[in-house]
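Report on one structure; see the data block that follows.
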Amino acid sequence: GIAVPPEPTTSSFPPSLYHTFSDPAEVVFLRSHLLRWYDKDKRELPWRTLALTESDINIRTYAVWVSEIMLQQTQVATVKDYYNRWMKRWPTVQDLAAATIEEVNQMWAGLGYYSRGRRLHEGAQKVVLELKGQMPQTVDDLLKQLPGVGRYTASAIGSIALGQVTGAVDGNVIRVLCRLRAIGADSSSPAVTEALWRLANLLVDPERSGDFNQAMMELGARVCTPKGPLCSQCPVQSHCRSYHRVHVKQEQSAKELLGKLDMPDIEDCIFSSVNSGTCSLCPSEPWDDQLGVQNFPRKPPKKAPRAERTLTCVVTRPGEAGGEEYLLVQRPNKGLLAGLWEFPSVLLQEDNEVKQKRALCEEVNRVLRSCFNEHLLQYVGEVVHIFSHIHQTYVVYSMRLKDRAVTQQTPTEKRQWLTRPGLQEAAVSTGLKK
DNA sequence: AAGTCGGGGGC
DNA sequence: GCCCCAGACTT
130 GIAVPPEPTT SSFPPSLYHT FSDPAEVVFL RSHLLRWYDK DKRELPWRTL
180 ALTESDINIR TYAVWVSEIM LQQTQVATVK DYYNRWMKRW PTVQDLAAAT
230 IEEVNQMWAG LGYYSRGRRL HEGAQKVVLE LKGQMPQTVD DLLKQLPGVG
280 RYTASAIGSI ALGQVTGAVD GNVIRVLCRL RAIGADSSSP AVTEALWRLA
330 NLLVDPERSG DFNQAMMELG ARVCTPKGPL CSQCPVQSHC RSYHRVHVKQ
380 EQSAKELLGK LDMPDIEDCI FSSVNSGTCS LCPSEPWDDQ LGVQNFPRKP
430 PKKAPRAERT LTCVVTRPGE AGGEEYLLVQ RPNKGLLAGL WEFPSVLLQE
480 DNEVKQKRAL CEEVNRVLRS CFNEHLLQYV GEVVHIFSHI HQTYVVYSMR
530 LKDRAVTQQT PTEKRQWLTR PGLQEAAVST GLKK
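What follows is the structure, given as structure tokens:
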């Protein structure tokens, strides 16, 4: 009563070859065309200019390190200004090591994933204090010695700054490779991830590893885009298996072309005798022939962000030179928005908001070491702020102090008063600025 | 393997 | 609104 997969159809090409680069001539073609396209069309980016003109290997490695950390899960357009400001203030790893975490948080404010800035700072101090000021000079050492540098980032720094021969698999490269080899399984699965690293290491041009990796990423960012890929502009369209599956398969010459390009029918992979009967790089369910290039790679279904409500109170007092000052307290050094400053807040656990107003007032009194009445808190409104995993609603109150005197005793808590302009430059989250 | 950790570009 | 971004780290 158990359904048995049909016998694999006889094919002149082993199914596994469908998902890899088995022809040396094709590898040569892909390298040369990608690099030619990159040389002609690459964007002028600050970290590229620096990497090309800087002869000091230590400074070059530091510059690429900073850029790669900032670029984690962050688009080029967002990073540019942050990178320029950072390198102007801390041009060398020694300069960064001499900074304080407060300065780093201030510089990183608004960029997100704040542990990146903290680990960059920690890494710089480690380089100066433990490594004699010398940046690690192999992929292996980068990975082992620098906090916040994982498999991808170590490979990217190693290839771009040091010419180490390794692939570098980021989100762009995942997409490009899945399309080039028509890999239809969930790209986040371990089997597919390992396969993609093997492909990247096989494909990388050993003569120009850094440029080649950047070419792959730039292709993913500007041509082989998640939605609406610009296949007509792609330098390697003729060797893209997903493109041929989608656009060429139905044409008259399909059979001949598929044969030339070593492209068996997808069923040959799904029911392959290789890999214990199932191809780990093909979807387990029947293939949808309507699937377009833009559907590679397949993404796992995502979960809804959890909802949170936070009561927060904007406490102001008269400034010494007119205007007003805002009360800020520092968040814990771990977890969400670690080390950043915010208005006194309480996370709303239950639905009894009226009673929680008292808790918010108690928090204000704890910070100020005062005993204000909760009726001084005035409801202002709500601000919604979306994190990737939290749908945060800030329920905002305000409290206006008329007298500076009551707020000037020595604090035991980490707190500070900032003017409105001071607030804009402080180490605060985007949500607080809203 | 699943969560945690931000913010914005671009459609 | 939604997807995704030159991911790493913890549990």
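Taking the numbering used here, the leading residue of the first sequence gets 130, the next gets one more, and so forth. Don't be surprised by glycine CBs; every beta carbon is placed ideally from N, CA and C. These figures come from a predicted structure and were not determined experimentally.
Item to check | Inter-residue spacing [alpha-carbon to alpha-carbon] between S184 and A290 | outcome: Answer to the nearest angstrom: the Cα atoms are 10 Å apart.
Next on the checklist: Output needed for V333: all residues of its chain with C-beta closer than 6 Å, excluding positions within five of it in sequence on either side, in chain order.
Outcome noted: Answer for V333: G296, F341, listed in chain order.
Next on the checklist: Checking 8 Å against the spacing of the C-beta atoms, do V525 and V475 come in under that value?
Outcome noted: No, the pair does not count as a contact, with Cβ atoms beyond the cut-off.
Item to check | In chain order, each alpha helix (DSSP H) run of at least 4 residues that lies wholly inside the region 420-444 | outcome: None, since the region 420-444 contains no complete alpha helix (DSSP H) of that length.
Item to check | Residue from L477, V305, L456 whose Cα sits closest to the Cα of H148 | outcome: Among L477, V305, L456, the Cα nearest to that of H148 belongs to V305.
Item to check | Inter-residue spacing [alpha-carbon to alpha-carbon] between C363 and S196 | outcome: The straight-line gap separating the alpha-carbon atoms of C363 and S196 is approximately 26 Å.
Checklist entry - When the Cα atoms are used, what is the spatial distance from P473 to P276? => result Cα-Cα distance, rounded: 31 Å.
Checklist entry - Less than 8 Å separating the beta-carbons of L163 and L348? => result Taking 8 Å as the Cβ cut-off, L163 and L348 qualify as a contacting pair.
Checklist entry - Is the CB-CB distance between Q263 and A226 below 8 Å? => result Cβ atoms of Q263 and A226: not closer than 8 Å.
Next on the checklist: Let me check one thing: in DSSP terms, what residues is M528 bridge-paired to?
Outcome noted: Residue pairing by DSSP places M528 opposite V444 in a beta bridge.
Checklist entry - Relative to the C-alpha of S284, which residue among G451, S361, Q343 is closest? => result Of all alpha-carbon atoms in G451, S361, Q343, the one lying nearest the alpha-carbon of S284 is that of Q343.
Checklist entry - Is it buried or exposed for G406, if we count other Cβ within 10 angstroms and need 16 for buried? => result With a pLDDT of 48 at G406, under the threshold of 50, the modelled position of that residue is not reliable, and the figure given next carries that caveat. Per the 10 Å Cβ criterion, exposed.
Next on the checklist: I'd like to confirm the pairing. Which residues does DSSP put opposite T548 in its beta bridges?
Outcome noted: DSSP output for T548 lists E454 as bridge partner(s).
Next on the checklist: Using 8 Å as the threshold, is the C-beta distance between A556 and N234 below it?
Outcome noted: Contact flag set, yes.
Next on the checklist: So for Y523, helix, strand or coil by DSSP?
Outcome noted: In this structure, Y523 counts as strand in the three-state DSSP scheme.
Checklist entry - Given a threshold of 16 other Cβ atoms within 10 Å of its Cβ, counted over all protein chains shown, does I286 qualify as buried or as exposed? => result Classification for I286: buried.
Next on the checklist: Can you tell me whether I567 is buried or exposed? The criterion is at least 16 other CB atoms within 10 Å of its CB, across all chains shown.
Outcome noted: Nothing about residue 567 can be reported from this structure: the residues present for the chain run from 130 to 563 only.
Item to check | Residue of K431, Q521, V377, L420 minimising C-alpha distance to T441 | outcome: Comparing Cα positions, the closest option is Q521.
Item to check | Euclidean distance between Cα positions of G464 and F158 | outcome: Distance between the alpha carbons of G464 and F158 is about 47 Å.
Item to check | Complete alpha helix (DSSP H) runs within the region 278-327 (minimum length 4 residues, chain order) | outcome: Runs found: 280-291, 300-309.
Next on the checklist: For K432 and Q478, I'd like the C-alpha separation in whole angstroms.
Outcome noted: Looking at the two C-alpha atoms, the distance is approximately 21 Å.
Checklist entry - From which residue to which residue does the alpha helix (DSSP H) around V191 run? => result The question names Val, but residue 191 is Tyr in the sequence shown. Element bounds for Y191: 186-199.
Checklist entry - Should G357 be labelled buried (16 or more other beta-carbon atoms within 10 Å of its own) or exposed? => result So G357 ends up on the exposed side.
Checklist entry - Looking only at C-alpha atoms, which of G300, E449, V156 sits nearest to K428? => result That would be G300, whose Cα lies nearest to the Cα of K428.
Checklist entry - What is the DSSP secondary structure of F361, reduced to helix, strand or coil? => result Checking the displayed sequence, the identity of residue 361 turns out to be Ser instead of Phe. S361: helix per DSSP, three-state reduction.
Checklist entry - Which residues in the same chain have their Cβ closer than 6 Å to the Cβ of Q366, if we skip the five residues on either side of it in sequence? => result Within the same chain, Q366 has close Cβ partners C360, Y372.
Checklist entry - Of the residues K273, N494, L561, which one's Cα is nearest the Cα of M528? => result Nearest Cα to M528 within the set K273, N494, L561: N494.
Checklist entry - Who are G510's beta bridge partners in DSSP? => result According to DSSP, G510 bridges with V525.
Item to check | Inter-residue spacing [alpha-carbon to alpha-carbon] between K531 and Y523 | outcome: Rounded to the nearest angstrom, the two C-alpha atoms are 25 Å apart.
Checklist entry - Taking Cβ to Cβ, would you say V208 is nearer than 8 Å to M199? => result Yes, they are a contact pair.
Checklist entry - Can you list, in chain order, the residues of its chain whose CB lies under 6 Å from that of E554, leaving out five sequence neighbours each side? => result Hits under 6 Å: none found.
Item to check | Short Cβ contact (8 Å threshold) for L466 with R544 | outcome: In this structure, the beta-carbon distance from L466 to R544 does not fall below 8 Å.
Checklist entry - In three-state DSSP terms, what is V403? => result Note that V403 scores a pLDDT of 42, beneath 50, so its modelled location is shaky; the value from the coordinates is reported in the next line. V403 falls in the coil class under three-state DSSP.
Checklist entry - Do the CB positions of T548 and G452 come within less than 8 Å of each other? => result The beta carbons of T548 and G452 sit closer together than 8 Å.
Checklist entry - Quick one: what's got a C-beta closer than 6 Å to M345's C-beta in the same chain, skipping five residues either side? => result Excluding positions up to five away in sequence, the list reads V302, V305.
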